[in-house]
Amino acid sequence: MAPLIALAACSRPQTPEVLIVTVDTLRADRLGYAGHAAARTPALDALAGEGRAFLQATTPFPRTTPALASMLTGLWPHHHGSREVGQPMTSGTTLASVLSAAGWRTVGLSATPVAGPEQGLAAGFDAFEVMADARASEVVDRALLAVAAQPDRPLLMWVHAADPHFPYLPPDDGPLRPDAPRCRRLG
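All residue numbers for the sequence shown refer to my numbering, where the first residue is 145 and numbers rise by one.
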């Protein structure tokens, strides 16, 4: 996951906006703004140029749900309880909870069900939507609609994309789907 946080004021410098963008299974060293010469990431590169990109960031755990739970709570996995993909947090206060209590509008959008309400990652968000298997462009379009609503309140928005997975997903009717008749478990 390559976290990117952008602080943007747009035309309302008195109303802060914090945007957290995470992309599942994307290494930072494959991004243009992080130095990869052949990268094709113009939108992320532009966003990083306008905000803050953390080039020395490391993950506390090599699995989606625990890593995101750590990012949103500031806790190590053994403190928030999530250690596997899809495993819910058992404790921890999210950044969204803190900011929502302080009057911020908090919006979360995720392109994968393993980064959503069932794992506790939506805690504190006023609005949270899982757009399963949606492309980043669809998630961003939905995020832009949310940004336009209630412009008088500070905004925390978390957008989680999963596009790097798509070339490796089997077709819905393929034999590798768990619900497909020809699929069998090994071991």
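For each residue, glycine too, the CB sits at the ideal point set by N, CA and C.
Taking the alpha-carbon positions, what's the residue i to residue j distance?
| i | j | result |
| --- | --- | --- |
| residue 192 | residue 223 | 30 Å |
| residue 326 | residue 274 | Reliability fails at residue 326, whose pLDDT of 46 lies under 50, so the model's placement of it is uncertain and the value that follows must be treated cautiously. So the two alpha carbons sit approximately 29 Å from each other. |
| residue 246 | residue 268 | 11 Å |
| residue 162 | residue 238 | 14 Å |
| residue 160 | residue 214 | 23 Å |
| residue 168 | residue 284 | 15 Å |
| residue 228 | residue 294 | 36 Å |
| residue 272 | residue 253 | 6 Å |
| residue 236 | residue 282 | 30 Å |
| residue 206 | residue 260 | 18 Å |
Between residue i and residue j, how many whole angstroms is the CB-CB distance? I'm expecting something under 8 Å.
| i | j | result |
| --- | --- | --- |
| residue 166 | residue 304 | 5 Å |
| residue 208 | residue 258 | 5 Å |
| residue 287 | residue 301 | 6 Å |
| residue 183 | residue 170 | The Cβ separation is near 11 Å, so there is no contact. |
| residue 201 | residue 177 | Contact doesn't hold; Cβ gap of about 13 Å is too wide. |
| residue 290 | residue 251 | 5 Å |
Going by the beta-carbon positions, is the gap between residue i and residue j smaller than 8 Å?
| i | j | result |
| --- | --- | --- |
| residue 241 | residue 233 | no |
| residue 255 | residue 306 | yes |
| residue 265 | residue 212 | yes |
| residue 277 | residue 244 | no |
Short of 6 Å in beta carbon distance, which residues of its chain neighbour residue i, apart from the five on each side in sequence? Order them along the chain.
| i | result |
| --- | --- |
| residue 297 | 249 |
| residue 185 | 175, 176 |
| residue 280 | 305, 307 |
Between which residues of its own chain and residue i is the CB-CB distance below 8 Å, once the five residues before and five after are set aside?
| i | result |
| --- | --- |
| residue 262 | 230, 232 |
| residue 180 | 173, 174 |
| residue 199 | 172, 178 |
Based on the DSSP output, what are the partners of residue i in its beta bridges?
| i | result |
| --- | --- |
| residue 254 | 274, 304 |
| residue 249 | 299 |
Can you give me the Cβ contacts of residue i inside the same chain, cut-off strictly under 7 Å, excluding the 5 residues immediately before and after it?
| i | result |
| --- | --- |
| residue 220 | 204, 214 |
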